[in-house]
Structures are given as structure tokens and as C-alpha cells.
Amino acid sequence: MTITYKDAEGIAGMRIAGRLAGELLDYLAPFIQPGVTTNEIDRLAEEHTTQVLRAISAPLNYAPGGHNPYPKSICTSINHQVCHGIPNDKPLKKGDIVNIDVTVLKDGWHGDSSRMYMVGEVSVAARRLCKLTYEAMWKGIMKVREGAYLGDIGHAIQSFAEGQGLSVVREYCGHGIGQKFHEDPQVLHYGKPGTLDQLKAGMVITIEPMLNVGRKDIKELGDGWTIVTKDHSLSAQWEHTVLVTPTGYEVLTLSANSPAMPEFVTPAAPAVALSAT
Ligand code: MF3
Ligand code: CO
Ligand code: CO
Numbered sequence: 134m135t136i137t138y139k140d141a142e143g144i145a146g147m148r149i150a151g152r153l154a155g156e157l158l159d160y161l162a163p164f165i166q167p168g169v170t171t172n173e174i175d176r177l178a179e180e181h182t183t184q185v186l187r188a189i190s191a192p193l194n195y196a197p198g199g200h201n202p203y204p205k206s207i208c209t210s211i212n213h214q215v216c217h218g219i220p221n222d223k224p225l226k227k228g229d230i231v232n233i234d235v236t237v238l239k240d241g242w243h244g245d246s247s248r249m250y251m252v253g254e255v256s257v258a259a260r261r262l263c264k265l266t267y268e269a270m271w272k273g274i275m276k277v278r279e280g281a282y283l284g285d286i287g288h289a290i291q292s293f294a295e296g297q298g299l300s301v302v303r304e305y306c307g308h309g310i311g312q313k314f315h316e317d318p319q320v321l322h323y324g325k326p327g328t329l330d331q332l333k334a335g336m337v338i339t340i341e342p343m344l345n346v347g348r349k350d351i352k353e354l355g356d357g358w359t360i361v362t363k364d365h366s367l368s369a370q371w372e373h374t375v376l377v378t379p380t381g382y383e384v385l386t387l388s389a390n391s392p393a394m395p396e397f398v399t400p401a402a403p404a405v406a407l408s409a410t
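Each residue of the sequence shown is one higher than the one before, starting from 134 at the first, in the working numbering.
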């Protein structure tokens, strides 16, 4: 296990990288329209990351053990694609839902975030899946504080998702993040309360549930990256990078146009309890 704990300087670096990842997703939003290709979105992302954010697209040429290097700057996963979809020349069409996953490397620190975008009018089922997956991510985020168990996060996500009739993808998970793109621990999106490692202040993790309308099973396409649902049912994912604090969490990948938090998200507990009056 190589969990890293960020000191004040690391937290400052992670705050900047995280905010830039959010800003990149903000920047891309207006371009996601019927007729645009995912290659065009990828080109815009690469240009914005290098020319405006003065940062590096961490996915480009990323090659974790055994994988062929990832060929693009972002991941674009459409409809039944679960994650790691590779941008191409096929235009988006009205009714598609697409996950855009960006990871910005700024001054040695990584910020990793993804959102769902709806292309024109989408079906009620697709909209419901996007909304519930967003809520599931926040159910997980709300468990984060020093002393909480990784199993608490997984359980919060799984129980919410399955309670809504959705299934949780098992093979891909959240992760520690910092000067490396993927660090320990693994952050499973299913599990049992009070199990697995306890969080400590200074850890930074991602929470990035992938939920399917149909069965949880997935398969990899021949390109060596794209993951799809085995039953071709719709899949959605949202991701934030989150700092563990003594009393709760700080979401590092928020930006000006981040979608509003769900109603059930309450502010983290104050550091010092207020006395009753
Ligand atoms: N951004 C993804 C994650 O959330 C990882 C993408 S790896 C890539 O962990 F190589 F496909 F970009
Ligand atoms: Co991630
Ligand atoms: Co990501």
C-alpha cells in the first residue's frame, strides 16, 4: 500500500489542479451538441488544457501496466459505454448521454473529474440515470471524514443505487490521487459499513460511481480501453476528487459551473460544535 498524505503544500497544489479540472469541464459544456464529434471535443480539451490552463492532459499516453498507451486527452463514454471511451469521428446525436472524464496535471498534481452531458432532448430513463448517478456520487462523498471506513462510502453508493433499481459496476473504482494519477487506496462503489481501511485527514481520493440501468456486468472492446455494459443497457458516471479533513470533506473539483449539489447535501460539520443557547 502506498497511500500518500498531503501536507499544506500538497493540498494547495491539489486545490489548484482540482479546480482546473472543473473549469475544463465547464469550458467544454457548450460545445456538447448534436453533430459535434468526440474528436472535436478532445481537440478543444487539449487546446484549453495546454494553452489556457497551462497544464497537461494526464490521460494522453497514459499506460498503466499491461495497457497500450491511451491515445487521447479525455475519455468520452456514450450511452452503453461505461468508461474509458476513446474520442473518435462519429458525431453525437440528439438523445445521447455522454460522460466526459478529464484529468489535469498542474505543477505536478492531478485533478480528476467527470460529468454527464445530455445531447439535446434525452429520454426520461436516460435523464433519471444521470440524476441518480450524480446523487449516488454525493451519497458517497457525504461519508468522507477522518475515521470513516472505505466500506461506508461503498455501502452508501450501493444501497442508494440498488434501492433505485440501478446496478453498480464492480471492476472499476475510485482511487487515491496526488502526484500520481492512480494511487492507493482503491475506493469501491459497493461494500459494507465499517469495513476496509479508515480514512485519514490529508488523503485525497476520487469517488466515481458507474451505474447501469440493466445488469452490472461489463466487457472491454477490442480497442483495449472502452468498457461497455454486457447487456448494452445505459450507463452513467460522475466523478469528483475529494480531500479528507478532520471533520468531513472538501470537494476539490468544484468550479463556477459545477451542477448544483443535491438537496440532501448538508454542509460538513463545523470544526467546533456550537454550544446550545
Ligand atoms: N480518468 C479516469 C479515472 O477516473 C482514468 C482514465 S485512464 C485513461 O480514473 F487512460 F483512460 F485516460
Ligand atoms: Co478517477
Ligand atoms: Co476520471
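By construction, the Cβ of each residue, glycine as well, lies at the ideal position given by its N, Cα and C atoms.
Rounded distance between the beta-carbons of V302 and M343, thought under 8 Å
About 4 Å; that satisfies the 8 Å criterion.
Between Y195 and chain B, is the shortest Cβ-Cβ distance under 8 Å, so that the two count as touching?
In the structure shown, chain B cannot be found, because there is only a single protein chain.
Using C-beta distances below 7 Å, list every residue in its chain close to G287, excluding the 5 sequence neighbours before and after it, in chain order.
Around G287: L321, H322, Y323 and G324.
From what residue to what residue does the beta strand (DSSP E) around R248 run?
R248 -> beta strand (DSSP E) spans W242 to M251.
M270 and V398 closer than 8 Å at C-beta:
Taking C-beta atoms as the reference points, M270 and V398 fail to come closer than 8 Å.
Where does P392 land, buried or exposed, given buried means 16+ other C-beta within 10 angstroms?
Flag for P392 reads exposed.
From this set, L354, N345, A281 and L177, which residue's C-alpha is nearest L329's C-alpha?
The option with the nearest alpha carbon to L329 is A281.
Excluding five sequence neighbours on each side, which residues of the same chain lie with their C-beta closer than 7 Å to the C-beta of V361?
Contacts found: H213, Q214, V215, I351, K352 and L354.
Touch check for the segment 233 to 248 and the segment 366 to 373: three-plus C-beta pairs under 8 Å?
Proximity of the segment 233 to 248 to the segment 366 to 373 meets the contact definition, three or more beta-carbon pairs being nearer than 8 Å.
Buried/exposed call for S256, threshold 16 Cβ in 10 Å
Around the C-beta of S256, fewer than 16 other C-beta atoms lie within 10 Å, and the residue is accordingly described as exposed.
Between the segment 382 to 392 and the segment 152 to 163, do three or more beta carbon pairs fall short of 8 Å?
Yes, the segment 382 to 392 is in contact with the segment 152 to 163.
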